[in-house]
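Reading through the structure tokens given below for one structure.
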Amino acid sequence: MPIIQINLVEGRDDKVVSECVREVARTVSRTLDAPLASVRVMVNVIKPQFFAVGDVTKAESAAQKDKS
């Protein structure tokens with residue numbers, strides 16, 4: 001049973017994320033020759049203040065861009 005985890009920073013439309021989940025499941029099923037019903041896809045949505053590149057959070061980065 002393939003299990004796929006996707007980590008995303010909060011902010012994407014739910015419909016877009018749901019479509020991503022479906023497409024990932026279909027792709028994994030097809031490429032691994034696994035029954036679609038056996039594929040598990042989980043999306044972990046992370047608040048921007050809890051995701052950082054280096055020591056700058058996504059929230060801080062967005063705030064800096066807004067000032068520009």
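Just so you know, full-length UniProt numbering puts 35 at position 35 of the sequence shown, and the rest follows in order with no gaps. Backbone N, C-alpha and C define an ideal beta-carbon position, used for all residues, glycine too.
Which residue's Cα is closest to the Cα of residue i: the options?
i	options	result
LEU32	GLN64, PRO2 and LYS65	PRO2
ARG12	ALA52, VAL45 and SER68	VAL45
LEU8	ALA59, ASP55 and LYS47	LYS47
ALA52	GLU10, GLN5 and ARG30	GLU10
Applying the 10 Å Cβ sphere with the 16-neighbour rule, what's the burial state of residue i?
i	result
VAL28	buried
What's the C-alpha gap between residue i and residue j?
i	j	result
PRO35	SER18	19 Å
GLU60	ALA37	40 Å
Provide the residue(s) that pair with residue i in DSSP beta bridges, ordered along the chain.
i	result
MET42	GLN5
VAL28	Answer is none; VAL28 lacks a bridge partner.
If contact is defined by three or more beta carbon pairs under 8 Å, each pair taking one atom from either stretch, is the stretch 16-25 in contact with the stretch 40-51? In short, these stretches touch, since the Cβ pair count reaches three.
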